[in-house]
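Asks: full-length UniProt numbering numbers the first residue of the sequence shown as 1 and each following residue consecutively.
This is the structure I want to talk about, given as structure tokens.
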Amino acid sequence: MDEAHYQSQLKRSLQQRDFHLKKALEYSHKATHPEESSDNAFQSLIDLLKQWCKQGRPPSQSRRAAIPREVRQTVLQLDEFGCRRCGSGSDLTVDHITPIAKGGSNDVSNLQTLCRSCNSSKGKT
1 MDEAHYQSQL
11 KRSLQQRDFH
21 LKKALEYSHK
31 ATHPEESSDN
41 AFQSLIDLLK
51 QWCKQGRPPS
61 QSRRAAIPRE
71 VRQTVLQLDE
81 FGCRRCGSGS
91 DLTVDHITPI
101 AKGGSNDVSN
111 LQTLCRSCNS
121 SKGKT
């Protein structure tokens, strides 16, 4: 992952974190101050849930098709059966460089070999 892409993902993650922290603080305040109209707090929660539902994927789209076995094998061979990040040859996974949710595909050009540890730490800051 190049530096610009990493910085973009980091910025977006921090924005999402800040948004959710702000909402949590708002709801916490409303929960501890019910005299300030619990009806408004309830309606705000409903509005937020509607927004999340609208932005999310329907359940039928939440499961992705698996990467075909032949494609997985090709990616592993191209990466010489080693993690692209640390070089480990154990507990390997085939990872999307650009996630399906962001327009990526199961094409060999969008796949890389990562060990489970590097794959699971990929999205963390």
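Cβ atoms here follow ideal geometry from the backbone N, Cα and C, with glycine treated the same way.
Note that this is a predicted model, so its numbers are computed, not measured.
Looking at the unbroken beta strand (DSSP E) that takes in residue 118, where does it start and where does it end?
Replies: Here residue 118 refers to the residue found at position 118 of the sequence shown. In the DSSP annotation of this structure, residue 118 is not part of any beta strand (DSSP E); the continuous alpha helix (DSSP H) holding it starts and ends at 116–121.
Asks: Would you tell me roughly how many angstroms separate the C-alpha atoms of residue 103 and residue 65, rounded to the nearest one?
Replies: Mapped onto the sequence shown, residue 103 falls at position 103. Mapped onto the sequence shown, residue 65 falls at position 65. Spanning the two alpha carbons is a distance of roughly 14 Å.
Asks: Rounded to whole angstroms, what's the CA-CA distance from residue 50 to residue 20? Just pull it up for me.
Replies: As a working mapping, residue 50 is identified with position 50 in the sequence shown. As a working mapping, residue 20 is identified with position 20 in the sequence shown. Rounded to the nearest angstrom, the two C-alpha atoms are 15 Å apart.
Asks: Is residue 32 helix, strand or coil by DSSP?
Replies: Translated into positions along the sequence shown, residue 32 becomes position 32. It is helical.
Asks: What residue from 8, 14, 47 has the CA that sits closest to residue 27's CA?
Replies: Against the sequence shown, residue 27 aligns to sequence position 27. It is 47 whose Cα lies nearest to the Cα of residue 27.
Asks: With distance defined between alpha-carbon atoms, name the residue in 94, 81, 53, 121 nearest to residue 71.
Replies: Here the question's residue 71 lines up with position 71 in the sequence shown. Of the candidates 94, 81, 53, 121, the one whose C-alpha sits nearest the C-alpha of residue 71 is 94.
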